[in-house]
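First up is the structure itself, then whatever we jot down about it.
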Amino acid sequence: MQNPRVPVVGKDGKPRMPTKASRARRWIKQGKATPKWNKLGIFYVQLTADVGEETQDVVLGLDPGSKFDGVAVVSKREVLQTGMLELPKGIAKKIKQRRQQRRFRRHRKCRRRPCRFNNRKRREGWIAPSQKAKVYFRLKIVEELKKLYPINKAVVEDVRFDHYYKRWGKHFSTVEIGKSKMYNTLRDWFGELKLVEGTETARLREKYNAKKSRDKRERSIDSHAIDALVIAADEIGLKKLKAPSFFVWKRYQYPRRQIHKFRFEKGGIRRREGGSMSLGFKKGDIVLWKGKLARVGGYLESKGTISLHTFDVDNKRFTQNAKPEDCIRLFNQRIMYTTIPLSSKDAELPCGRRL
1 MQNPRVPVVG KDGKPRMPTK ASRARRWIKQ GKATPKWNKL GIFYVQLTAD
51 VGEETQDVVL GLDPGSKFDG VAVVSKREVL QTGMLELPKG IAKKIKQRRQ
101 QRRFRRHRKC RRRPCRFNNR KRREGWIAPS QKAKVYFRLK IVEELKKLYP
151 INKAVVEDVR FDHYYKRWGK HFSTVEIGKS KMYNTLRDWF GELKLVEGTE
201 TARLREKYNA KKSRDKRERS IDSHAIDALV IAADEIGLKK LKAPSFFVWK
251 RYQYPRRQIH KFRFEKGGIR RREGGSMSLG FKKGDIVLWK GKLARVGGYL
301 ESKGTISLHT FDVDNKRFTQ NAKPEDCIRL FNQRIMYTTI PLSSKDAELP
351 CGRRL
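With our numbering applied, the sequence shown covers 1 to 355.
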């Protein structure tokens, strides 16, 4: 593993070329820069004085998928950042439940309400909700990365589908609409977008002697980020691949408020369900509780306590008995992240491949 470069942002908020960690520490000590963290958990420094705006070429590599994405930021000299996205899921199921509950509610209140299913018109540029959640989260990650690195070109692995060869290909049209939205946005941001075929990506992996993991759920650089890394490195001409760090990003999904639970209790009692607030805190708030970081979840009305979850992408609940007065609110987090350490063995082989 190489020494990570620290992203640098100018006084005007525009990204500059990353610098060495030792130089960043010296700038902070001398008062020339201010230490900060962005929404992705990446540490960077912002300069306090005006400097030149000269930058080098930086390429963004993106490997989109149905459940996971790989992303890499590469310059001519080294790899600047790598990461993996765990895309939102369960959107279609939630919308189906919402539709059913809405129909039940309308039937109870107005049994003879006329049908209106055939007079709806979708506005131009409509995207299926499941694809919209994935595309917008993907673009959000890219937007946060371009605030730290002076990216001037994007390389994306293009996934194609034969709609006539497979009968179920008609369902892939929603993916095509999402792809068009993403490609147009990337062209507006960077001006230049290059699409790479999957066969070309496989050839580049052989060129860099990089092997891909078979486990798509594995949180490592070998699962998805390796494809984004090789296509970006080949585009800019980087010969040696040594990743400095690896992040896993996941969107925090708020439990939206419902009128009541789906299943009633005895006696037909309909208890509350969902909502974004918990006894004065907003769900997703990062708090300091007994000396450690935690994420706020739900609450218990009977006890007057809140639930706390782990500060990582797993978001596992570890207590339901935290008192609100014992929690110190720090900030609200929309994007959960985890840093995966790269061992010394990973640095010995190209692209962090394990022995």
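Backbone N, C-alpha and C fix where the C-beta goes; we use that ideal spot for every residue, glycine too. Here the structure is a predicted model, which means the values were calculated and not measured.
Below 7 Å, is the gap between the Cβ of residue i and the nearest heavy atom of the ligand FMN?
| i | result |
| --- | --- |
| Y252 | Ligands displayed in this structure: none; no statement on the ligand FMN is therefore possible. |
In the DSSP assignment, the beta strand (DSSP E) including residue i goes from what residue to what residue?
| i | result |
| --- | --- |
| W289 | 285-289 |
| K36 | 33-37 |
| N321 | 317-322 |
| I306 | 305-309 |
| D63 | 58-63 |
| I177 | Where I177 is concerned, there is no enclosing beta strand (DSSP E), although the alpha helix (DSSP H) it sits in stretches over 173-190. |
| R329 | 327-332 |
| E301 | No beta strand (DSSP E) contains E301, which DSSP labels as neither H nor E. |
| G83 | 79-86 |
| P7 | 6-9 |
When burial is assigned at 16 or more other CB atoms within 10 Å of the CB, is residue i buried or exposed?
| i | result |
| --- | --- |
| A72 | buried |
| C115 | exposed |
| E157 | buried |
| L229 | buried |
| D326 | exposed |
| E86 | buried |
| Y149 | buried |
| A225 | buried |
| F281 | buried |
| K146 | buried |
| W126 | exposed |
| F137 | buried |
| K93 | exposed |
| F262 | exposed |
| R217 | exposed |
| I269 | exposed |
| K160 | Just to set this straight, residue 160 is Arg in the shown sequence, not Lys. With fewer than 16 other Cβ atoms within 10 Å, it is exposed. |
| W37 | exposed |
| H107 | exposed |
Keeping to the same chain, check which residues put their C-beta closer than 7 Å to that of residue i; ignore five residues upstream and five downstream.
| i | result |
| --- | --- |
| S213 | S220, D222, S223 |
| L300 | Q320 |
| L195 | V156, D158 |
| P350 | Residue confidence is low: P350 scores 39 on pLDDT, short of 50, so the model does not pin down where it sits. No coordinate-derived value is stated. |
Tell me which same chain residues have a C-beta within less than 8 Å of the C-beta of residue i, skipping the five on either side of it?
| i | result |
| --- | --- |
| F247 | L40, G41, I42, Q81, T82, G83, M84, Y337, T338, T339, I340 |
| R334 | K39, R251, Y252, G284 |
| P129 | I91, A92, I95 |
| K20 | N3, R5, V6 |
Looking at the unbroken alpha helix (DSSP H) that takes in residue i, where does it start and where does it end?
| i | result |
| --- | --- |
| Q30 | 21-30 |
| L145 | 129-146 |
| Y254 | Premise fails: Y254 is in no alpha helix (DSSP H) and is neither H nor E. |
| F264 | Looking at the DSSP string, F264 is not in any alpha helix (DSSP H), and its letter there is neither H nor E. |
| A228 | 226-236 |
| L204 | 198-207 |
| K109 | 91-109 |
Find the nearest neighbour of residue i within the set the options, judged by alpha-carbon distance.
| i | options | result |
| --- | --- | --- |
| P244 | V313, E192, P18 | P18 |
| L47 | G13, K89, K261, V159 | G13 |
| K239 | Y208, I269, R106, D227 | Y208 |
| K316 | T185, R120, S307 | S307 |
| R77 | R98, N3, L195 | N3 |
| R256 | A21, Q97, R203 | Q97 |
| Y254 | L288, K121, V296, I236 | V296 |
| L139 | S180, A202, D312, R99 | S180 |
| K89 | Q131, V74, R106 | Q131 |
| S66 | E206, P324, T174 | T174 |
| H260 | K20, A232, L288, Q101 | Q101 |
| P293 | K109, G275, D312, R16 | It should be pointed out that residue 293 corresponds to Leu in this sequence rather than to Pro. For the residues K109, G275, D312, R16, the minimum Cα distance to L293 belongs to D312. |
| R25 | R16, G10, P15, R5 | R5 |
| L186 | I141, E206, R160 | I141 |
| E192 | E200, T199, G198, Y183 | Y183 |
| I361 | H309, T310, L288 | A question about residue 361 goes unanswered here, because the residues of the chain that appear run from 1 up to 355. |
Report the CB separation of residue i from residue j in whole angstroms; it is logged as a contact under 8 Å.
| i | j | result |
| --- | --- | --- |
| V45 | A33 | 4 Å |
| N152 | D234 | Not a contact, Cβ separation roughly 16 Å. |
| G298 | S278 | 6 Å |
| I286 | L342 | Actually they are not in contact, since the Cβ atoms of I286 and L342 sit about 25 Å apart, beyond 8 Å. |
| I95 | A133 | With 8 Å as the limit, I95 and A133 do not qualify as a contact, their Cβ atoms being about 10 Å apart. |
| G70 | D227 | 5 Å |
| A202 | L60 | Not confirmed; about 20 Å, so no contact. |
| V74 | A322 | Not a contact, Cβ separation roughly 43 Å. |
| G178 | V135 | 4 Å |
Which residues in the same chain as residue i place their Cβ atom closer than 6 Å to its Cβ, once the five residues preceding and following it in sequence are excluded?
| i | result |
| --- | --- |
| L62 | V71, V156, A228 |
| R16 | V8, G10 |
| G275 | R257 |
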